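Q:
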Amino acid sequence: MERMAAGEAAEALKSSVAALVVHVGRATSYSGPIGADPLREQADAFLDGLAAIARTEAQLAALKVLLARGFEQATHAMAPPVTSPQEHTAQEMVVVAEVACVLTVSERAASALLAQSRELTTTLPLTLAALQDGSISWQHARVMVDETTGLDPAGASALEGHFLNPDPAAMCAAGELVPSRFRAKARTWRERHHPVSIEIRHTRSILDRRVE
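Residue 163 in numbering that gives the first Met the number 0 sits at position 164 of the sequence shown, and the numbers go up by one each step.
1. With 16 other CB atoms within 10 Å as the buried threshold, where does G149 fall?
2. If I follow the unbroken alpha helix (DSSP H) through S116, where does it start and stop?
3. Under 9 Å between the Cβ atoms of L125 and E146?
4. Hey, would you say A53 sits closer than 9 Å to G133, going by beta carbons?
5. Name the residue from S156, L46, V93 whose alpha carbon lies nearest to the alpha carbon of M77.
6. Give a yes or no on contact between the stretch 36-50 and the stretch 84-98, applying the rule of three or more CB pairs nearer than 8 Å.
7. Report the rounded CA-to-CA distance for G154 versus S116, giving the unit in angstroms.
8. Assuming L123 and V144 are in contact, meaning their beta carbons sit under 8 Å apart, how far apart are those beta carbons, in whole angstroms?
9. Less than 6 Å between C-beta atoms, sequence neighbours within five positions excluded: which residues of the same chain meet that for S136?
10. Going along the chain, which residues of its own chain have a beta-carbon closer than 8 Å to the beta-carbon of R186, five neighbours each way excluded?
11. If you draw a straight line from the C-alpha of A157 to the C-alpha of L62, how long is it?
12. Might you give, ordered along the chain, the residues of its own chain that have their beta carbon closer than 7 Å to the beta carbon of A173, omitting 5 neighbours on each side?
13. Whole angstroms are fine: how far does the CA of L112 sit from the CA of P88?
14. Skipping 5 residues on each side, what residues in its chain have a beta carbon closer than 6 Å to that of A129?
15. P80 by DSSP, collapsed to three states: which one?
16. If you draw a straight line from the alpha carbon of S83 to that of H75, how long is it in whole angstroms?
17. Are the beta-carbon atoms belonging to Q90 and V81 less than 9 Å from one another?
18. Determine the contact status of V64 and L127, defining contact as a CB-CB distance below 9 Å.
19. Sort T121, E40, P152, E106 by Cα distance to G69 and report the nearest one.
20. Let me confirm a value: L38 is counted as buried when at least 16 other C-beta atoms fall within 10 Å, else exposed. Which label applies?
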């Protein structure tokens, strides 16, 4: 199922990129009606192109999430059953190393991507859907993952619903806020509705601190 979804998304993105290339070509060689303002028309076309690219980048990020999660699941399915914590850690390290190598990023960045992909595909369906349709950016999705850490499923769903609810009366759409502003609003909402989870996350962070 996920493999089919990833394949369909890849084909859609190919079409989007091709359309953007055509759009840029038209913007750089405007030949509109006589009497129109060609510079204004070109400027608007360039802005439209940037907006389309932002949506495409979000959709690419969603595809990366699906692919990373799919690779992790496939690798675990192929591996023999683990019999010790050390074997489990070794398996995780292999997955992280493979993803880091193919994306040419640090293992720390690859590990973060895998963890974020896990959350988005299992507990944050509204966030993943918004990323797939380009209504939020990858930065927004990362904020949502961060701010739902430590919440139970009902709490995470409530936070998602508050900021990703399509109801215009809510006036809190995440995609309309810059990521830093969205983080501040999400944290304020979380502290107001789930203050205990903040304390738990803080305690866990202290316990997890270590030097490697």
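Backbone N, C-alpha and C define an ideal beta-carbon position, used for all residues, glycine too.
What you are looking at is a predicted structure, and each value in this text was computed from that prediction instead of being measured.
A: Taking the geometry as given:
1. Mapped onto the sequence shown, residue 149 falls at position 150. The residue in question, G149, is buried, as its Cβ has 16 or more Cβ neighbours within 10 Å.
2. Taking the sequence shown and counting its residues from 1, one reaches residue 116 at position 117. Note, S116: alpha helix (DSSP H), 106-121.
3. Counting from 1 along the sequence shown, the entry for residue 125 is found at position 126. Counting from 1 along the sequence shown, the entry for residue 146 is found at position 147. No. Outside cutoff.
4. In the sequence shown, the residue the question calls residue 53 occupies position 54. In the sequence shown, the residue the question calls residue 133 occupies position 134. Yes, these two residues count as a Cβ contact at 9 Å.
5. As a first step, residue 77 is located in the sequence shown; it is residue number 78 there, counting from the start. Ranking the options by Cα distance to M77, first place goes to V93.
6. no
7. In the sequence shown, residue 154 corresponds to position 155, counting from 1. In the sequence shown, residue 116 corresponds to position 117, counting from 1. When rounded, the distance between both Cα atoms is 19 Å.
8. Start at 1 with the first residue of the sequence shown, and residue 123 comes out as number 124. Start at 1 with the first residue of the sequence shown, and residue 144 comes out as number 145. Contact flag correct, Cβ pair sits at about 7 Å.
9. In the sequence shown, residue 136 corresponds to position 137, counting from 1. Hits under 6 Å: A57.
10. Here residue 186 refers to the residue found at position 187 of the sequence shown. Closer than 8 Å at Cβ, skipping near neighbours: E146.
11. Numbered from 1 along the sequence shown, position 158 holds the residue referred to as residue 157. Numbered from 1 along the sequence shown, position 63 holds the residue referred to as residue 62. Rounded to whole angstroms, A157 to L62 spans 25 Å at the Cα level.
12. Position 174 of the sequence shown holds residue 173. Result list for A173: I135, H139, F162, L163, F181, in chain order.
13. Position 89 of the sequence shown, counted from the first residue, corresponds to residue 88. Position 113 of the sequence shown, counted from the first residue, corresponds to residue 112. Reading off the sequence, residue 88 comes out as Thr, not Pro. When rounded, the distance between both Cα atoms is 17 Å.
14. The sequence position of residue 129 within the sequence shown is 130, counting from 1. If we look at A129 and ignore the five residues flanking it on each side, its Cβ neighbours are I135, L163.
15. Working through the sequence shown from its first residue, we reach residue 80 at position 81. If DSSP states are grouped into helix, strand and coil, P80 belongs with coil.
16. Residue 83 sits at position 84 when you count from the first residue of the sequence shown. Residue 75 sits at position 76 when you count from the first residue of the sequence shown. Each residue's Cα considered, the two are about 15 Å apart.
17. Here residue 90 refers to the residue found at position 91 of the sequence shown. Here residue 81 refers to the residue found at position 82 of the sequence shown. In this structure, V81 lies closer than 9 Å to Q90 by Cβ.
18. Numbered from 1 along the sequence shown, position 65 holds the residue referred to as residue 64. Numbered from 1 along the sequence shown, position 128 holds the residue referred to as residue 127. Result yes, Cβ atoms of V64 and L127 sit closer than 9 Å.
19. As a position in the sequence shown, residue 69 is number 70, starting the count at 1. Comparing Cα-Cα distances from G69 to each of T121, E40, P152, E106, the minimum goes to T121.
20. Counting from one through the sequence shown, the residue named residue 38 turns up at place 39. Flag for L38 reads exposed.
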